[in-house]
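Participant:
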Amino acid sequence: MDVLGRRCGPSTTEYNDGGTIHRTLSAAMRAAVTALAGDVDTQYVYTTTTDGSDLTDVYGPLDVVQLANGTPSPYRQHTHNVYGTGTQAHLVTETLSLGRS
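Sequential numbering of the sequence shown, starting at 612, is according to my numbering.
(1) Would you mind reading off the limits of the beta strand (DSSP E) that contains Asn692?
(2) I believe Asp674 touches Tyr655 by the beta-carbon criterion, under 8 Å. Please report the beta-carbon distance rounded to the nearest angstrom.
(3) Taking 6 Å as the limit between beta carbons, can you name the residues of its chain near Thr706, skipping five residues before and five after?
(4) What is the rounded straight-line gap between the Cα of Ser622 and the Cα of Ala639?
(5) Between Gly695 and the rest of its own chain, which residues show a CB-CB distance below 7 Å, the 5 nearest in sequence each way excluded?
(6) Could you tell me if Ala700 is buried or exposed, where buried requires 16 or more neighbouring beta carbons within 10 angstroms of its beta carbon?
(7) By DSSP's criteria, Gly710 is part of a beta bridge. Which residues make up the other side?
(8) In chain order, what residues of the same chain lie with their CB nearer than 7 Å to the CB of Thr667, ignoring the 5 residues before and after it?
(9) Mark Tyr626 as exposed unless 16 or more other C-beta atoms lie within 10 angstroms of its C-beta, in which case mark it buried.
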């Protein structure tokens, strides 16, 4: 159980080349790290159609930026690909660099 009383998955143990324990991660800490994983990874979003799939969006790791007024704000780089139609299907026709918080 984690600190909120939720069931957690198994703990993790990493061994070194000699077979002795190198490090461990408790089930509660593993659950906490997994919950945060969406903030530190890069996420890829695909749109699938009957004739293939296209990478439409890429979201970078969560970061904190300082706004013009000095206030810190969460920010995640977001790139969006626009695809053509007809003979240009599955070809990127425009790439937009966006951000989201």
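We put the CB at the ideal spot given by N, CA and C, even for glycine.
Facilitator: Taking the definition as stated:
(1) Working through the sequence shown from its first residue, we reach residue 692 at position 81. Residues Pro683 to Tyr694.
(2) The residue you call residue 674 lines up with position 63 of the sequence shown. The residue you call residue 655 lines up with position 44 of the sequence shown. No, Asp674 and Tyr655 are not in contact; Cβ-Cβ is about 18 Å, not under 8 Å.
(3) The count along the sequence shown starts at 1 and reaches residue 706 at position 95. These residues qualify, in order along the chain: Asn692.
(4) Indexing the sequence shown from 1 puts residue 622 at position 11. Indexing the sequence shown from 1 puts residue 639 at position 28. When rounded, the distance between both Cα atoms is 8 Å.
(5) What you label residue 695 is simply residue 84 of the sequence shown in a count that begins at 1. Leu702 and Thr704.
(6) Taking the first residue of the sequence shown as position 1, residue 700 is located at position 89. Counting Cβ neighbours within 10 Å, Ala700 comes out exposed, since fewer than 16 surround it.
(7) Taking the first residue of the sequence shown as position 1, residue 710 is located at position 99. In the DSSP output, where bridge partners are listed per residue, Gly710 has Gln688.
(8) As a position in the sequence shown, residue 667 is number 56, starting the count at 1. Excluding sequence neighbours, Thr667 sits near Val656, Tyr657, Thr658, His691 and Asn692.
(9) Within the sequence shown, residue 626 is the residue found at index 15, counting from 1. Under this definition Tyr626 is an exposed residue.
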